[in-house]
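To start, the structure under review is shown below, and the notes come after it.
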DNA sequence: TGACAAAGTGACCGATCGTGCTCTTTCTAG
DNA sequence: CTAGAAAGAGCACGATCGGTCACTTTGTCA
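Residue numbers (my numbering), protein chains in the order written: chain E, 179 to 375; chain H, 179 to 375.
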């Protein structure tokens, strides 16, 4: 049973790579199978259907997302330093983990936000979990803690800068996108810490 | 020759609608033809190929973008009020002009940013033009004018809030997204005006 | 080592894709 | 009104899509 799991993982990784490039709908099972080095029918020993593979791709991407971005910050105590690590890892995720395609979370969000179904539900759940984590993090940014509304406003802007960074870097070809995003985020932290209690 | 132009316009509008929903690649010529009420082969009297139609779609979307967002602000004198109108129209564009699909400019950007070719080039050119307009606008926000770097930082954040707004509203189901974006933008204008000369 | 399940292959299915062809209808300009 | 052009219909094509099935190979465990 070990061999199968390894192959399945390779399939999911390759499908995620292609989905980040062409979108989930744009991924053909033949292309994935060829890239992995098995036949198209061999693929069906690991997934019931293409939809089933899509679910595995979303799950896998969000797991990697957490590993790459949250894990390095998890050990630090809550506060500004930890938020800074998270933001920098998030930029790193977009730039280095998916250099050819751009962030698959963004791609999946844009593709699925208007397509109700289990796939969107799964992504929504994972993103809500991440949002909860970040809101908790922002609330602990300062003593006394930020209000819920303040934390929401801060996370809204943090996420916005991430999205803006990808658009600037990938669509507009802006080499300074990383710096622009970091500067905007640092300023956000500055003024958020300064809010009167 | 008049009839043809009208049909072509209907085709492009319908293709844009579907592209915003499923992505350009996800649009099939049969579906577009059916929705418009002509045969698939009749479609080819208006476009040489699917790629040709894609170009028309991008061009049309960016034209509507300018009409909806820039035109209502064009008459106003440069300054904060005009920027506020632009931002509000931009949100309106995302929310009301494409209620079922979300902003097609975002969708096209995410889809095309990793696909070199004339389609990406066209979108890039139009977005660069828009960016130029906005930078000029930000520079005139205050006397003495903002530096180029300050204007770039401001536009980066403005665009980010637009992207964050769509993600919050459509993917996260946040009914307050409009308010969050507007509040963030107003605060951006506040502190941008306040920068020491 | 032998048996059985898991993993993988190749041929094939019906549907749909973009696109070319010929033919008919419809519009429009003289 | 009429002739010619534009607009559109209908059909068929090769390719590719997701998916099935019978079969062979490979891995695992008693």
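Every residue, glycine too, gets a C-beta built ideally from N, C-alpha and C.
What residue range does the alpha helix (DSSP H) around residue 292 of chain E cover?
Unbroken run through residue 292 of chain E: none, as it is neither H nor E.
Going by C-alpha to C-alpha distance, which of E:332, E:340, E:293 and E:361 sits closest to residue 349 of chain H?
E:293
Can you find the residues in the same chain that come closer than 7 Å, C-beta to C-beta, to residue 275 of chain E, ignoring five residues on each side of it along the sequence?
246
Pick from E:212, E:202, E:235 and E:280: whose alpha carbon is nearest that of residue 388 of chain E?
Outside the displayed range of chain E (179 to 375) lies residue 388 of chain E, so it cannot be described from this structure.
Interface residues of chain E around residue 310 of chain H at Cβ under 8 Å?
Correct list: empty, because the minimum Cβ distance to chain E is about 11 Å.
Beta-carbon contacts of residue 344 of chain H that lie in its chain and below 7 Å, excluding the five residues immediately before and after:
272, 280, 281 and 284
Runs of 4 residues minimum, wholly inside the segment 189-263 of chain H: which ones carry the alpha helix (DSSP H) assignment?
207-214, 218-221, 228-243 and 249-252
Let me make sure I understand the geometry here. Which of E:359, E:216, E:233 and E:373 has the alpha-carbon closest to that of residue 328 of chain E?
E:373
Of all Cβ atoms in chain E, is any one closer than 8 Å to the Cβ of residue 334 of chain H?
yes
Interface residues of chain H around residue 353 of chain E at Cβ under 7 Å?
None at all; the shortest Cβ gap to chain H is about 12 Å.
Taking the Cβ atom as the reference point for each residue, do residue 191 of chain E and residue 205 of chain E lie within a distance shorter than 8 Å?
no
Which residues of the segment 229-246 of chain E have a Cβ closer than 9 Å to any Cβ of chain H? Give them in chain order.
none
Cβ neighbours of residue 208 of chain E in the same chain (closer than 6 Å, five flanking residues each side left out)
218
Given a limit of 9 Å on CB to CB distance, which residues of the segment 267-279 of chain E reach chain H?
278 and 279
How many angstroms separate the CA atom of residue 185 of chain H from the CA atom of residue 199 of chain H?
21 Å
Note the first and the last residue of the continuous alpha helix (DSSP H) segment covering residue 358 of chain H.
355-372
Would residue 284 of chain H count as contacting chain E if we go by Cβ distances under 8 Å?
yes
Kindly confirm or deny that the segment 246-264 of chain H and the segment 309-320 of chain H touch, where touching means at least three C-beta pairs closer than 8 Å.
yes
Would you give the residue range spanned by the alpha helix (DSSP H) that residue 342 of chain H belongs to?
326-344
Helix, strand or coil: how does DSSP classify residue 351 of chain E here?
coil
What number of angstroms, rounded off, separates the C-alpha of residue 230 of chain E from the C-alpha of residue 312 of chain E?
30 Å
Residues in the segment 302-326 of chain E with C-beta within 8 Å of chain H's C-beta atoms, listed in sequence order?
302, 305, 306 and 309
Nearest neighbour of residue 338 of chain E, chosen from E:215, E:268, E:227 and E:226 [CA to CA]:
E:268
Can you tell which of E:347, E:295 and E:197 has its C-alpha closest to the C-alpha of residue 359 of chain E?
E:347
Using the Cβ count rule (16 or more neighbours within 10 Å means buried), how would you classify residue 364 of chain E?
exposed
Would you tell me roughly how many angstroms separate the C-alpha atoms of residue 241 of chain H and residue 305 of chain H, rounded to the nearest one?
11 Å
8 Å Cβ cutoff, residue 205 of chain H in contact with chain E:
no
Going by C-alpha to C-alpha distance, which of E:250, E:210 and E:182 sits closest to residue 224 of chain E?
E:182
Where does residue 287 of chain H land, buried or exposed, given buried means 16+ other C-beta within 10 angstroms?
buried
Could you name the residues of the segment 335-346 of chain H whose beta carbon sits closer than 7 Å to any beta carbon of chain E, in the order they occur along the chain?
335, 337, 338, 339, 341, 342, 345 and 346
What would DSSP say about residue 183 of chain H, mapped onto helix, strand or coil?
helix
Going by the CB atoms, is the gap between residue 334 of chain H and residue 342 of chain E shorter than 8 Å?
yes
What residues of chain E sit near residue 195 of chain H, judged by a beta carbon separation below 7 Å?
In chain order: nothing, as chain E lies at least about 11 Å away.
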